[in-house]
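Peer 1: The structure's right below; bear with me while I get my questions together.
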Amino acid sequence: MDAVLNALVLIGNYIVVPGLAYGSQLALGALGVTMIYAVLRFSNFGHGEIMSFGTMLVIMATFAMQDVGISISPLPTALLALPVGILGAVGLCLLIDRYVYKFYRQQRASPVIYLIVSIGTMFIIGGLIRFIIGPKDRNFADGERFIMKASAFKANTGLAEGLAIKTAQGVTVLTTFVVVGLVFWFLNYTRTGKSMRAFADNEDLALLSGIDPDRVVRITWIITAVLATIAGTLYGLDKSYKPLVYMHLLLPIFASAIVGGVGNPLGAIAGGFVIAFSELAITFAYKKVAAYLIGDGVLGDGLLQLLSTDYKFAVSFMILVIVLLVKPTGIFSGKTL
Amino acid sequence: MTALIGTAMTGGYGGADILNGCTISVESGEIAVIVGPNGAGKSTAMKAMFGMLDLRAGSVLLDGEDITTLPPQHRVQRGMGFVPQTQNVFTSMTVEENLEMGGFIRDDDFADTIEEIYNLFPVLREKRAQPAGELSGGQRQQVAVGRALMTQPKVLMLDEPTAGVSPIVMDELFDRIIDVARTGIAILMVEQNARQALAIADRGYVLVQGENRYTDTGAALLANPDVRRAFLGG
């Protein structure tokens with residue numbers, strides 16, 4: 001009996017808890033990508049860098065707050081600094097839209113041109129970030145580190161394996177829950193939110209109904225920037241902040257949005273968790289779990305790991321290829337790319 | 338009085354003119370129908386009256402006011418409603434949300450307008466919480482008309498409202514359209530089903546190559562042997 005429990009705790013500690021946190025971060029990121037796709041009709045490759053930019057500002061504000069001794073311990077100070085990052089990211093997005101994307105909207109450019117333009121914005125924001133904060137790894141998590149320590153779990157349950165929950169993970173899941181709830185409430189129950197859905201659904205009819213396209217675009221960027229900053233900050237708290245990592249995050253985020261159905265907010269959330277859990281489940285070494293369940297003796301030297309963690313991005317790629325082959329509209333039937 | 342009149346309209350989408358000086362008008366509470374062969378410029382004439390096409394010559398008057406140069410969105414605010422032929426509902430949104438979006442430009446409380454529309458189209462009340470994309474063709478057209486009615490327009494323009502629906506549904510839609518006209522709204526529509534449309538029309542226009550060929554009451558056009566032979570299949 002203890003063996004089964006130990007196996008379950010192992011899975012909980014290495015797949016379920018990190019998967020929930022990572023999945024939440026991907027879900028928030030994918031929600032931003034999917035909203036831009038739904039309203040502005042292009043895949044925004046700059047999204048990872050917008051996340052990074054917002055997070056960078058949060059980090060700088062966090063460091064400033066730490067210097068003057070402001071803290072909300074046991075919670076990380078970064079939560080208090082979040083508004084600074086959000087404001088900065090919103091400003092950046094609105095500026096880019098005003099001086100870059102607006103031009104292409106007036107030209108009625110094709111989606112592929114938008115896509116290439118967005119890659120341009122990605123490099124420019126990326127460069128800006130490296131100028132301002134540099135390419136180094138930065139750890140800005142403070143406050144209490146764990147909600148539940150592995151050692152405490154072991155002591156309380158008497159099991160050999162421990163289950164640890166980091167504060168960052170708890171904060172991530174809770175924040176995502178609240179933010180996603182707010183976004184869905186906004187989209188489904190407010191006049192402005194409904195007008196955004198109408199615009200995404202049928203642009204011509206929305207114009208005919210007197211919906212102001214500029215306003216819809218503006219609000220979409222604002223929401224995207226808010227989501228990106230929160231997603232980026234939560235990811236940074238959980239892992240650490242490194243500009244290059246945020247660029248790499250783009251792949252699982254896009255995979256999440258596409259798996260769930262591009263343009264469908266609910267799909268983005270589901271997709272985030274699908275990608276996160278697949279990535280963790282496929283790169284996890286099951287040797288210890290198997291040892292608990294079927295005994296140590298019969299196992300060889302292998303780690304029982306399907307794929308090395310170095311290849312974790314391959315998981316997103318594989319899922320992406322499978323979804324595009326089998327169900328191009330994604331789980332929740334978004335738009336076909 | 339004449340709610341909407343397009344006089345001597347001439348224009349096209351660049352290149353050759355599609356409209357060659359055609360004149361179309363509709364009175365409050367009346368139904369006017371534009372019929373004619375394919376490529377006669379029926380839909381183009383209606384789009385021109387809604388401002389979706391720049392006129393090279395001619396004018397459009399709404400309630401006696403010149404609106405020739407006004408863009409479509411402003412015409413909606415002045416009291417014109419337009420139901421496009423295709424993609425005329427928000428498919429992912431519920432029936433009620435579709436109606437709310439129709440009333441987007443209104444700042445006042447439009448709950449009673451929604452109620453009126455439900456009275457006009459009772460099936461929509463039943464389906465109010467269902468996404469419009471899940472409805473049948475005829476129900477969708479009712480949503481589309483309902484959406485356009487939300488601004489309480491003086492003139493409602495319908496581009497082939499019965500395209501692609503069954504004959505039974507077509508009859509029902511025409512009945513509903515008559516009901517709408519009875520509320521005092523001027524209705525202008527383009528129809529492929531010329532015979533049935535003229536049967537409910539107070540006024541019919543037969544267009545050929547962007548010009549008025551015959552203009553009369555619906556009944557008179559239906560009785561006219563030339564019109565019957567050339568345009569109504571005998």
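Which chain is which? The protein sequence lines are A and B, in order.
The letter at position 2 of the first sequence is residue 2 when you use this note's numbering, and the numbering goes up by one with no holes.
The letter at position 146 of the second sequence is residue 483 when you use this note's numbering, and the numbering goes up by one with no holes.
Every residue gets a Cβ at the ideal spot worked out from N, C-alpha and C, and that includes glycine.
DSSP has B/S362 in a bridge; who is on the other side?
Peer 2: Paired residues: B/I342.
Peer 1: If you drop the 5 nearest sequence neighbours on each side, which residues of the same chain put their C-beta closer than 8 Å to that of A/A168?
Peer 2: Contacts found: A21, P76, A141, L234, L237, D238.
Peer 1: Spatial neighbours of A/S24 within its chain, please: C-beta separation below 6 Å, excluding the five flanking residues on both sides.
Peer 2: Excluding positions up to five away in sequence, the list reads T172, V173, T176.
Peer 1: Would you mind working out which of B/M346, B/G352, B/I342, B/E364 sits nearest B/A538, comparing C-alpha positions?
Peer 2: It is B/E364 whose Cα lies nearest to the Cα of B/A538.
Peer 1: Does the CB of B/M383 have a neighbour CB from chain A at under 8 Å?
Peer 2: So, not an interface residue.
Peer 1: Quick one: what's A/S24 bridged to in DSSP?
Peer 2: Looking at the DSSP assignment, A/S24 forms no beta bridge with any residue, so it has no partner.
Peer 1: Which residue from A/T309, A/A291, A/D310 puts its Cα closest to that of A/D301?
Peer 2: Cα-wise, what sits closest to A/D301 is A/A291.
Peer 1: Less than 8 Å between the C-beta atoms of A/T339 and A/Q305, yes or no?
Peer 2: As displayed, chain A neither begins before 1 nor continues past 337, which places residue 339 of chain A out of reach and without an answer.
Peer 1: Is the CB of B/M588 under 8 Å away from at least one CB in chain A?
Peer 2: Residue coverage of chain B in this structure runs from 338 to 571, which leaves residue 588 of chain B outside it and unanswerable.
Peer 1: Determine the closest residue to A/I230 out of A/G19, A/I15, A/A81, A/L244, with distance taken between C-alpha atoms.
Peer 2: Out of A/G19, A/I15, A/A81, A/L244, A/A81 has the C-alpha closest to the C-alpha of A/I230.
Peer 1: Check A/I15 in the structure and name its three-state DSSP category.
Peer 2: Note: A/I15 maps to helix in three-state DSSP.
Peer 1: Quick check on A/F146: does DSSP put it in helix, strand or coil?
Peer 2: Strand.
Peer 1: With a threshold of 8 Å on Cβ separation, who are the neighbours of A/F332 within its own chain once the five nearest residues in sequence on each side are excluded?
Peer 2: Only G260, G261, N264, L266, G267, A270 meet the Cβ criterion.
Peer 1: DSSP three-state label for A/R130, please.
Peer 2: A/R130 falls in the helix class under three-state DSSP.
Peer 1: Just to confirm my understanding: we take A/P111, look at its own chain, exclude 5 residues before and 5 after, and list those with CB closer than 7 Å. What are they?
Peer 2: Answer for A/P111: R41, F42, listed in chain order.
Peer 1: Going by CA-CA distance only, name the one from B/V492, B/E367, B/D512 that's closest to B/Q478.
Peer 2: The option with the nearest alpha carbon to B/Q478 is B/D512.
Peer 1: Pull the bridge partners of B/S396 from the DSSP assignment, please.
Peer 2: The partner list for B/S396 (beta bridge, DSSP) reads B/T344.
Peer 1: Strictly under 8 Å for the Cβ-Cβ distance: is A/K327 near chain B by that measure?
Peer 2: Not one chain B Cβ lies under 8 Å of A/K327.
Peer 1: If you reduce the DSSP assignment to three classes, tell me which class A/L337 lands in.
Peer 2: Here A/L337 scores only 46 on pLDDT, less than 50, and its place in the model should not be relied on; the value that follows carries that caveat. Coil.
Peer 1: Within 8 Å, do at least three Cβ pairs link the stretch 6-18 of chain A to the stretch 208-217 of chain A?
Peer 2: No, the stretch 208-217 of chain A does not touch the stretch 6-18 of chain A.
Peer 1: Would you call B/I355 buried or exposed, if buried means 16 or more other Cβ atoms sit within 10 Å of its Cβ?
Peer 2: When all chains shown are included, B/I355 counts as buried.
Peer 1: Say whether chain A places a C-beta atom closer than 8 Å to the C-beta of B/M438.
Peer 2: By this cut-off, B/M438 is an interface position.
Peer 1: Counting only beta-carbon separations shorter than 8 Å, does A/S209 have a partner in chain B?
Peer 2: It does: the Cβ of A/S209 has a partner Cβ on chain B nearer than 8 Å.
Peer 1: Give the DSSP-derived three-state secondary structure of A/G181 in the structure shown.
Peer 2: It is helical.
Peer 1: Would you tell me roughly how many angstroms separate the C-alpha atoms of B/G352 and B/M389, rounded to the nearest one?
Peer 2: Answer to the nearest angstrom: the Cα atoms are 16 Å apart.
Peer 1: A/N264 lies in the beta strand (DSSP E); which residues open and close that run?
Peer 2: No beta strand (DSSP E) holds A/N264; DSSP gives it neither H nor E.
Peer 1: So which residues of chain B does A/S195 contact, with C-beta pairs closer than 8 Å?
Peer 2: M438, F441, listed in chain order.
Peer 1: Distance, Cα to Cα, B/V564 vs B/I454?
Peer 2: If you take the alpha carbons of B/V564 and B/I454, they lie about 36 Å apart.
Peer 1: At the 8 Å Cβ level, is A/L337 part of the contact set with chain B, yes or no?
Peer 2: Low confidence applies here, because A/L337 scores a pLDDT of 46, under 50, leaving its location unreliable and the question unanswered by this model.
Peer 1: Can you tell which of A/I219, A/E203, A/I319 has its C-alpha closest to the C-alpha of A/R98?
Peer 2: Cα-wise, what sits closest to A/R98 is A/I219.
Peer 1: Is it the case that the Cβ atoms of A/P252 and A/E279 are separated by a distance below 8 Å?
Peer 2: Against a cut-off of 8 Å, the Cβ pair of A/E279 and A/P252 comes out as a contact.
Peer 1: Could you give the DSSP three-state label for B/T499: helix, strand or coil?
Peer 2: Here B/T499 sits in coil by DSSP.
Peer 1: Find out if the Cβ-Cβ distance for the pair B/V527, B/E548 is shorter than 8 Å.
Peer 2: The answer is no: Cβ separation not under 8 Å.
Peer 1: Considering only the alpha carbon of each residue, which of A/L28, A/G272, A/P135, A/S118 lies closest to A/V100?
Peer 2: When each option's Cα is compared against that of A/V100, the closest is A/S118.
Peer 1: From the beta carbon of A/L205, is the nearest beta carbon of chain B less than 8 Å away?
Peer 2: True, the Cβ-Cβ gap to chain B drops below 8 Å.
Peer 1: Is there at least one non-hydrogen atom of the ligand COA closer than 7 Å to the beta-carbon of B/M430?
Peer 2: Ligands are entirely absent from the displayed structure, and the ligand COA is therefore not among its contents.
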